[in-house]
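Just so we're aligned, residue 17 is where the sequence shown starts under my numbering, counting upward by one.
Ideal Cβ placement from N, Cα and C applies to all residues, glycine included.
Computed from a predicted structure; not experimentally measured.
Structure first, commentary second.
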Amino acid sequence: MKFKTILLLSAIAVILGVISFWMGQLSYSWLPPQASVESQLIDNLFSFLVTIGTFIFLGVTGALVYSVLFHRAGKYDTSDGPPIEGNLTLEIVWTAIPFLLVLWIAIFSYQTYKDMGIRGPMEMAHMPMPEMVPAAYAETLDKTGEPITNIEVDAKQWSWVFRYPESNITSTELHLPVDRRAHLVLRSQDVIHGFFIPAFRVKQDAIPQQAIDFEFTPILTGTYRLRDSQYSGTYFAAMQADVVVESVEDYQNWLAEAAQTKPSVAPNQAAQEYALREEAGWTTIVPAAAPVVNYHP
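Right, here's the structure in full:
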């Protein structure tokens with residue numbers, strides 16, 4: 017009887033494992049396209065968590081349903097349950113398994129963020145607030161010998177401005193060469209803004225009076241969306257920009273074309289919405305001046 021019980025529980029565990037693995041693989045389709053190296057790492061971690069979570073959910077729910085259906089007390093049974101003392105082996109098992117599981121998740125998560133190689137906000141958060149730190153660019157090659165694209169990112173209420181110091185041009189649209197490490201220096205002119213590209217699975221806060229280094233590697237050509245992930249004021253939803261990932265040749269052509277363009281005032285959705293409210297007599301926050309750039313879509 018005991019052997020049959022073990023065999024049955026093992027079969028159920030295998031079935032739950034197969035279903036959980038399928039759900040974990042399915043989770044990749046819930047997310048935007050993997051447009052960066054970091055997105056692949058994050059999605060693998062997410063898939064792993066979905067697999068573990070599905071197994072636990074189905075196992076716990078199945079045990080509850082089984083108990084409700086087959087181990088209910090009779091309708092008129094008001095007696096106490098049998099006096100069962102603790103089972104040391106069982107307690108060790110149900111303590112050890114969650115501990116090892118949490119340890120496994122922690123190691124997997126740590127390895128993922130280590131592989132991403134992104135310098136997060138924690139290196140800045142507990143430091144004194146000095147005056148604006150000048151941009152400290154990385155070397156032109158990364159640790160693997162691959163070239164790096166250096167870009168300065170200025171955030172203000174409510175627009176993004178991208179400066180390419182090596183070509184001395186500015187743009188309200190972020191252009192990146194595919195398969196090349198991008199090194200960004202993020203600054204905010206007023207409040208905290210969140211640099212977030214869902215397709216890249218990367219996010220970094222831009223903090224006032226700080227210059228923060230941020231890196232990622234785009235791997236899929238296309239046009240993606242940059243959003244402000246922080247509530248930065250009245251028109252923060254309008255603080256969006258296109259991110260264009262293109263071949264190295266197209267990227268160089270774009271730089272050359274933008275360098276020949278005379279700077280002009282870029283269209284600004286926040287300023288347009290503010291003008292409408294101003295006409296209506298509503299009190300609201302005045303957006304920063306629209307950026308003057310070489311290129312805007």
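**OP:** For Ser280, collect the residues of the same chain with a Cβ closer than 7 angstroms to its Cβ; drop the 5 residues on either side in sequence, then sort them by chain order.
**Re:** Correct list, in chain order: Val308.
**OP:** Would you list the residues sitting across from Thr239 in a DSSP beta bridge?
**Re:** Beta-bridge analysis with DSSP links Thr239 to Val260.
**OP:** Grab me the residues of Tyr290's own chain with a C-beta within less than 6 angstroms of its C-beta, minus the 5 sequence neighbours each way, in chain order.
**Re:** These residues qualify, in order along the chain: Pro303.
**OP:** Leaving out five residues on either side along the sequence, give the residues of the same chain with a beta carbon under 7 angstroms from the beta carbon of Ser43.
**Re:** Excluding its 5 nearest sequence neighbours in each direction, Ser43 has C-beta neighbours in its own chain below 7 angstroms: Phe62, Ser63, Val66, listed in chain order.
Subject >> Per-residue burial, Ile100 [other beta carbons within 10 Å of its own, 16 or more giving buried] >> reply: Result: exposed.
**OP:** Excluding the 5 residues preceding and the 5 following Trp46 in the sequence, name in chain order all residues of the same chain whose CB lies nearer than 8 angstroms to its CB.
**Re:** Excluding sequence neighbours, Trp46 sits near nothing in its chain.
Original post:
Counting Cβ pairs closer than 8 angstroms, one from the region 25 to 37 and one from the region 198 to 210, do we hit at least three?
Top reply: No, they do not touch.
Original post:
Is the region 45 to 60 in contact with the region 221 to 229, if contact means three or more CB pairs nearer than 8 angstroms?
Top reply: Because the criterion of three Cβ pairs below 8 angstroms is not met, the region 45 to 60 and the region 221 to 229 do not touch.
Original post:
Quick one: any contact between the region 263 to 275 and the region 244 to 254, if contact means 3 or more CB pairs under 8 angstroms?
Top reply: Segments in contact, no.
Subject >> Backbone secondary structure at Pro114 - three-state DSSP >> reply: Correct three-state label for Pro114: helix.
**OP:** Take Gly69 and list the residues in its own chain whose beta-carbon comes closer than 7 angstroms to its own, dropping the five residues that flank it on each side.
**Re:** So no residue of the chain qualifies.
Original post:
According to the neighbour-count rule (16 or more other Cβ atoms, all chains shown, within 10 Å of its Cβ), is Glu139 buried or exposed?
Top reply: Because the pLDDT at Glu139 is just 44, under 50, the model does not fix this residue reliably, and the point stays unresolved.
Subject >> Same chain only: Cβ atoms within 6 angstroms of Glu182, ignoring 5 sequence neighbours per side >> reply: Within the same chain, and ignoring the five residues on either side of Glu182 in sequence, no residue has its Cβ closer than 6 angstroms to its Cβ.
**OP:** Please go through the same chain and pick out, in chain order, the residues whose beta-carbon is closer than 7 angstroms to the beta-carbon of Trp38, but skip the five residues on each side of it.
**Re:** Around Trp38: no qualifying Cβ.
**OP:** Compare the C-alpha of His312 against each of Ile185, Asn60, Phe216 and name the closest.
**Re:** A check of alpha carbon separations from His312 across Ile185, Asn60, Phe216 identifies Ile185 as the nearest.
Subject >> Short CB-CB distance (under 8 angstroms) between Ala282 and chain C >> reply: You won't find chain C in this structure, because it holds only one protein chain.
Original post:
What residue does the beta strand (DSSP E) around Trp176 start on, and which one ends it?
Top reply: If you look at Trp176, you'll find it in the beta strand (DSSP E) that goes 175 to 180.
Original post:
Can you list, in chain order, the residues of its chain whose CB lies under 7 angstroms from that of Ala141, leaving out five sequence neighbours each side?
Top reply: Note that Ala141 scores a pLDDT of 40, beneath 50, so its modelled location is shaky; the value from the coordinates is reported in the next line. Same-chain partners within the cutoff: there are none.
Original post:
Where does Gln205 sit, in a helix, a strand or coil, going by DSSP?
Top reply: Looking at Gln205 - three-state DSSP - the assignment turns out to be coil, as it is neither helix nor strand.
Original post:
What is the rounded straight-line gap between the Cα of Pro283 and the Cα of Tyr180?
Top reply: Each residue's Cα considered, the two are about 20 angstroms apart.
Subject >> Cβ neighbours of Phe230 in the same chain (closer than 6 angstroms, five flanking residues each side left out) >> reply: Take Phe230, set aside five residues on each side of it, and the residues of its chain with a beta-carbon closer than 6 angstroms to its own are Leu200, Leu202, Gln220, in chain order.
Subject >> Beta-carbon separation (whole angstroms), Ala286 vs Tyr251, contact threshold 8 angstroms >> reply: Under the criterion of beta carbons closer than 8 angstroms, Ala286 and Tyr251 qualify as touching, at roughly 4 angstroms.
**OP:** Please classify Thr300: is it buried, with 16 or more other beta-carbons within 10 angstroms of its beta-carbon, or exposed?
**Re:** With a threshold of 16 other beta carbon atoms within 10 Å, Thr300 falls short and is exposed.
Subject >> Whether Tyr267 touches Pro193 by CB criterion (8 angstroms) >> reply: In contact: Tyr267 and Pro193 (Cβ atoms closer than 8 angstroms).
Original post:
Would the region 85 to 101 and the region 53 to 60 be scored as touching if the rule is three or more Cβ pairs under 8 angstroms?
Top reply: Touching, no.
Subject >> For Ala198, the residue or residues it bridges with in DSSP >> reply: Answer is Thr165, Phe232.
Original post:
Excluding sequence positions up to five away, which residues of its chain have a Cβ less than 7 angstroms from the Cβ of Ser125?
Top reply: Short of 7 angstroms from the beta carbon of Ser125, and not among the five residues preceding or following it, lie these beta carbons of its own chain, in chain order: Leu61.
Original post:
Nearest-angstrom Cα distance between Gly238 and Ala198?
Top reply: Rounded to the nearest whole angstrom, the CA to CA distance from Gly238 to Ala198 is 16 angstroms.
Subject >> Within 8 angstroms, strictly: CB atoms of Pro49 and Ala215 >> reply: Closer than 8 angstroms, so yes.
Original post:
Do you know how far the Cα of His87 is from the Cα of Val81?
Top reply: When rounded, the distance between both Cα atoms is 10 angstroms.
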